[in-house]
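In the working numbering, the protein residues as written are 627 to 966.
Here's what the structure looks like:
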């Protein structure tokens, strides 16, 4: 059973397997999600490229984009066969490209079609099938319409809904603007949990720290964090203890760097460019002395001939030097023990 008290959002171009491996070093229990993968890419493209992952990434969900029930069912089977713990259907992305394929947020206009997709996937796999969606689209943003959507899709077999607490505008706003301009309505998601107590409701949107996560967990089953976890991943360092109740101490930032080195060496031996990994770890020392030098050494070093895994140690040494100059203890960024 997947415990979704805290999840990392699927983010296109960001939550690839290199990013997920890195985040898993920081938290052992947050649920990780892939980038959205379309059914066409899976059924007709390089499956290993889209589906391969490291065993340490569990619990791990595959997010699918599509609207054809049969194609989604076949893709879900592939994901299950590959070893994923969950299949998630994207009903929240408002981009023009996604709309042109008739999937993403525009599917909220047709709850019955989403239900058909969910049923087809549920009939094909034994792992969880979940849906990520908005609280509304365009002018179809009443609470009753949201309840009709959730009710229809839950009748088809979905028990877990990840709800971005903003509506989506399908025209006139870019995906970035759709993450920022429509106002957040956490109360709408809280009401959804109240009115559908038997469903698992995960809230998403604008949540940036573990204190806010704890507050939301008083109202809903789980929380999903997106870009803040990417830009400032150390916010996850105490998640296992504070959110999941685990007693193990997290790695320090420098221990995370050391743990990454064998992974980077292995990837380099396969011909993977080093920046595939390093681009995801630039925020590791966010807010710490030497953070700027850490980013600069990594960003510039990847372009040097013969750049290897030792680049990470070289960059981390800049942080140590900066800390020593400041006369501060080695940064481990332990958070205070929760009173809960």
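Glycine residues also receive a C-beta, built at the ideal position from the N, C-alpha and C atoms.
Do residue j and residue i count as a contact pair if the criterion is CB distance below 9 Å?
i	j	result
residue 659	residue 687	yes
residue 677	residue 710	yes
residue 828	residue 650	no
residue 947	residue 927	no
residue 735	residue 785	no
residue 894	residue 934	yes
residue 653	residue 809	no
residue 883	residue 922	no
residue 816	residue 644	no
residue 657	residue 691	no
residue 868	residue 904	no
Based on the DSSP output, what are the partners of residue i in its beta bridges?
i	result
residue 830	790, 850
residue 754	712
residue 659	687
residue 717	759
Can you give me the Cβ contacts of residue i inside the same chain, cut-off strictly under 7 Å, excluding the 5 residues immediately before and after it?
i	result
residue 751	702, 703, 706, 713
residue 746	695, 696, 698, 699
residue 838	none
residue 642	661
residue 635	659, 830, 850, 851, 852
residue 845	816, 819
Using a Cβ-Cβ cut-off of 6 Å (strictly less than) and excluding sequence neighbours within five positions of residue i, which residues of its own chain qualify?
i	result
residue 730	716, 719, 724
residue 909	857, 858, 859
residue 902	644
Please state the DSSP three-state secondary structure of residue i.
i	result
residue 690	strand
residue 930	coil
residue 664	strand
residue 759	strand
residue 966	With a pLDDT of 33 at residue 966, under the threshold of 50, the modelled position of this residue cannot be trusted; read the value that follows with caution. Residue 966: coil per DSSP, three-state reduction.
residue 652	helix
residue 766	strand
residue 632	strand
residue 957	In this prediction, residue 957 has a pLDDT of 48, which is less than 50 and means its spatial position is unreliable; what the coordinates show is noted afterwards. Note: residue 957 maps to coil in three-state DSSP.
Leaving out five residues on either side along the sequence, give the residues of the same chain with a beta carbon under 8 Å from the beta carbon of residue i.
i	result
residue 801	719, 720, 721
residue 757	714, 715, 717, 740, 744, 779, 784, 786, 787, 788
Minimum length 4: unbroken alpha helix (DSSP H) runs contained in the stretch 858 to 924: 865 to 868, 879 to 895, 901 to 904
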